[in-house]
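The block underneath contains the structure these notes are about, expressed in structure tokens.
Numbering (the working numbering), first residue to last: 516 to 1434.
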């Protein structure tokens, strides 16, 4: 049996409780990292499965969306002289390649429809291609169907999202409404609606937003030309990778040849020089040619950046947890080394060399790291599985459950091992330096700690100053303050780096400086807090002693407070940052969208519709009457739906009461004053000099100073009662209703409400229900809620790690102060007073960490939000959520008391005689 093995076994037997506590800290850190990696793997697999489903059945895909430029789409859709479409010409040329079995043209269209239940909706639709492979969830497959429908009648397959959003299923009928202009070019005056019925035959597994696949007959039934989307190429030898790459080059050559010979028309700005993308896909003439795997890789790369956001947050928190746990582990091993001083002295006296003691300590750390790392791996897997199951049940039903991954498991075990061995390195070096003479010294007399190094203080001050300056620079910089030529509005012109990245770097550098300075700051602050608490008569002696005890061991006091400080600062930064962002977004949304929704319907009729359909999302409705008018002097009754040759434009004047309008808006004073008006974007081009616009409404003429309001319908003109002429004839049915939704509404609530509001819109009005404000508020609310969930998770982990760190440090304090406790008991101090001294010390450490951490968190939270703001018009003012911050303080203090319970109990049990008898 070796000396190393004997020492190691003795160490493990004598330090079980403290090692278990440190192991919990290690396990939490590893769990964060493993959970993040497994979630990334899960989301990546989900995106890969979706991409495979999209590309299934095809060997190559030619993206043809750029065959028609965005600006040319309206004209292209109305043309009746196209002949053979460009994508059809290209498909036939591709089919002439020997290895190609078929080239299927897929086109796209946007369908506005009405369901059998009179619910209006919209979805994107594409051509149903024979090579498409998808899972039929309900109904039947049109591709494999041998019924007449597959051959001639317009039919559609919809995805689950469309079925759920609009209550559709097999057998239902969609009545698509298409608007068509009659006439040609500038002579197109009449706008007519053409309807086309599509029978829903099945529900299929297609990812994304509400979508549909239309039969060829369905596409041909459209009253306009559908836009090109892609060509799906199937080879005679499906799945052959080499053949796919060979055909890819041949398709590129065919495209170039067709363009050069004039057989294929492309936009003027399209480049004929082939350019290879990141995954091997080739772009030429505005089109992208990709093999099956390249399509999948591109899809995954484009999508995983968003869906893995939470996973990367978990990895970031894991890194912070590793730092905190490293401090805890270092403290733990310092406690162990201090408690083994006499044992190590005896071993040295009987012949053990320093290397054996160092190796035994490092081996102890390695065993702890492996065992705790394994526990963290299992915990992280369970957390990731739980989160992915939650995602499947809520917002991402296609997310696969997290499964054990070799990489994640290896990283977790390796991290646990490296972290513990690294954290135990300094204590191991100290163990090797123990002199044999230590065996003659009483076990509970600790050597005095060295003072604070001036080099350390100087470096800390410099780092803290530089970090604070960099953080402030990133927070206060705005687009207009930067020189011209900057590629992005929030990019630093000198370094070319995003300002948020500079702010985060400054925060890290500054916080590192704070940690270096902490040894010279925290112990005096704890001692001062003890003296301040001593004014309470019941704690006069215990509080003063607790503060002084913390100051006597500045290194250990600083390490413990630093672990608390990291957790408090992080939680406070997110909490205060989320509240500040919420305040900024609320103010900005109140300016941009003072109301949640605008509906062109009489409020009485709207209330009837909402009551009939049992809709409770709407909290308040304010309706105001209106009248038809024309801008630029056109007399009432002569205005058309569009601007005529004289430049007049149709308008809708709405007269609102200032008092009632303030009740419905998110900020007061939105309604313009006398002689002023807010107008929709459709009337901006008619503004005269000095922001004035002239209106004719019946016999009344108005010249108003106008300001654009994006949240109003395009032709709306909002004025106050003071501005409206006495003779202006208004009608509630020609007015607008403004809505404010109930607090806490979600994006799904807005989607459901939109369908009902569209039905309630008055027939013949010039506008439709607009819920842009509600969509914007719901979107930012979800982001804020996500941040708050993250804060709660982080707070829970911080509490556990803090309890472990404080408990270990106080345990060492108890070990070193047994003689002191015995003396205090001998002179008359009660057990409760001795125990409370330890509890008060723990609370003082937590209090100092809370004060410093909350201050730093407020600064970092405000600066982080400010660095993300790119508009000079936005004002970022600090918002302190006092209730959440108070909860943080309460939880932290309670955690400190819990951590102090066992050490306080242990010290209070020290008998006076036993303590004084130690030699």
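Positions of the beta carbon are idealized from the N, C-alpha and C atoms, including for glycine.
Computed from a predicted structure; not experimentally measured.
Subject >> Residue range of the unbroken beta strand (DSSP E) whose run includes residue 1207 >> reply: 1207 to 1212
Original post:
Is residue 1226 helix, strand or coil by DSSP?
Top reply: coil
Original post:
Relative to the alpha-carbon of residue 474, which residue among 649, 690 and 733 has its alpha-carbon at the smallest distance?
Top reply: Here the chain covers residues 516 to 1434 and nothing more, so residue 474 does not appear.
Original post:
residue 1406 lies in the alpha helix (DSSP H); which residues open and close that run?
Top reply: 1397 to 1423
**OP:** Give every residue of the same chain whose Cβ lies closer than 7 angstroms to the Cβ of residue 1280, excluding the five residues on either side of it in the sequence, and list them in chain order.
**Re:** Note that residue 1280 has pLDDT 42, beneath the 50 cutoff, so the model's placement of it is unreliable and the number below is only indicative. The residues are 1115.
**OP:** Would you check if there are 3 or more beta carbon pairs closer than 8 angstroms linking the stretch 1349 to 1364 to the stretch 1406 to 1415?
**Re:** yes
Original post:
Three or more beta-carbon pairs under 8 angstroms between the stretch 1129 to 1136 and the stretch 1414 to 1424, yes or no?
Top reply: Result no; under three Cβ-Cβ pairs closer than 8 angstroms.
Original post:
Would you say residue 1018 and residue 1378 are within 8 angstroms of each other, going by their C-beta atoms?
Top reply: The answer is yes: Cβ separation under 8 angstroms.
Subject >> Where residue 558 sits in the DSSP three-state scheme >> reply: For residue 558, the three-state secondary structure derived from DSSP is helix.
Subject >> Where residue 924 falls, given that 16 or more other Cβ within 10 Å makes a residue buried >> reply: Buried is the call here.
Original post:
Could you give the residue range of the alpha helix (DSSP H) that holds residue 741?
Top reply: Looking at the DSSP string, residue 741 is not in any alpha helix (DSSP H), and its letter there is neither H nor E.
**OP:** Compare the Cα-Cα distances from residue 1022 to each of 785, 978, 969 and 619 and report the closest residue.
**Re:** Taking only the C-alpha atoms, the option nearest residue 1022 is 978.
Original post:
In the structure shown, what three-state DSSP assignment does residue 950 receive?
Top reply: coil
Original post:
What does a CB cutoff of less than 8 angstroms around residue 726 pick up in its chain, not counting 5 residues either side in sequence?
Top reply: 638, 639, 640, 641, 673, 674, 676 and 677
**OP:** Have a look at the DSSP bridge pairing and note the partners of residue 612.
**Re:** Answer is none; residue 612 lacks a bridge partner.
Original post:
Under a three-way DSSP split, which group does residue 689 fall into?
Top reply: Here residue 689 sits in strand by DSSP.
Original post:
Between residue 607 and residue 742, which are expected to be in contact by the criterion C-beta below 8 angstroms, what is the C-beta distance as a whole number of angstroms?
Top reply: With 8 angstroms as the limit, residue 607 and residue 742 do not qualify as a contact, their Cβ atoms being about 19 angstroms apart.
**OP:** Please look up how many angstroms separate the CB atoms of residue 1230 and residue 1195, rounded, as I've assumed it's under 8 angstroms.
**Re:** 6 angstroms
**OP:** Return yes when the Cβ of residue 717 is within less than 8 angstroms of the Cβ of residue 680, no when it is not.
**Re:** no
Original post:
Leaving out five residues before and five after residue 1010 in sequence, what residues of the same chain have Cβ atoms less than 6 angstroms from its Cβ?
Top reply: none
Subject >> Reduced DSSP secondary structure (H/G/I, E/B, other) of residue 1091 >> reply: helix
Subject >> Where residue 1394 falls, given that 16 or more other Cβ within 10 Å makes a residue buried >> reply: By the neighbour-count rule (16 or more Cβ atoms within 10 Å), residue 1394 is buried.
Subject >> Span separating the alpha-carbon of residue 617 from that of residue 572 >> reply: 11 angstroms
Original post:
Looking at C-alpha atoms only, which residue of 855, 1091 and 610 is the closest neighbour of residue 1400?
Top reply: 1091
Original post:
Which whole-angstrom value is the C-beta distance of residue 1042 and residue 1063, which I expect to be below 8 angstroms?
Top reply: 6 angstroms
Subject >> Simplified DSSP assignment, three categories, for residue 1253 >> reply: strand
Original post:
If you check the beta carbons only, do residue 630 and residue 684 fall under 8 angstroms apart?
Top reply: no
Subject >> Where residue 664 sits in the DSSP three-state scheme >> reply: For residue 664, the pLDDT reaches just 43, beneath the cut-off of 50, and the residue's location in the model is therefore unreliable, although a value from the coordinates is still provided. Residue state, collapsed to three classes: helix.
Original post:
So what does DSSP say about residue 1523, is it helix, strand or coil?
Top reply: This structure does not reach residue 1523, given that the chain is present from 516 up to 1434, and the question cannot be answered.
Subject >> Under the three-state DSSP convention, the category residue 1136 falls into >> reply: Strand.
Subject >> Backbone CA spacing between residue 772 and residue 750 [nearest angstrom] >> reply: 21 angstroms
Original post:
Distance, Cα to Cα, residue 1434 vs residue 1047?
Top reply: Confidence at residue 1434 is low in this model, with a pLDDT of 44, below 50, so the placement of that residue should be treated as unreliable; the coordinate-derived value is given next. Each residue's alpha carbon lies about 36 angstroms from the other.
Original post:
Distance, Cα to Cα, residue 555 vs residue 904?
Top reply: 14 angstroms
**OP:** For residue 1428, count neighbouring Cβ atoms within 10 angstroms of its own Cβ and tell me buried if that reaches 16, exposed if not.
**Re:** By the neighbour-count rule (16 or more Cβ atoms within 10 Å), residue 1428 is not buried but exposed.
Original post:
Going along the chain, which residues of its own chain have a beta-carbon closer than 7 angstroms to the beta-carbon of residue 1103, five neighbours each way excluded?
Top reply: 1389
**OP:** Assign residue 763 to one of two classes, buried (16 or more other C-beta atoms within 10 Å of its C-beta) or exposed (fewer than that).
**Re:** Around the CB of residue 763, 16 or more other CB atoms lie within 10 Å, so the residue is classed as buried.
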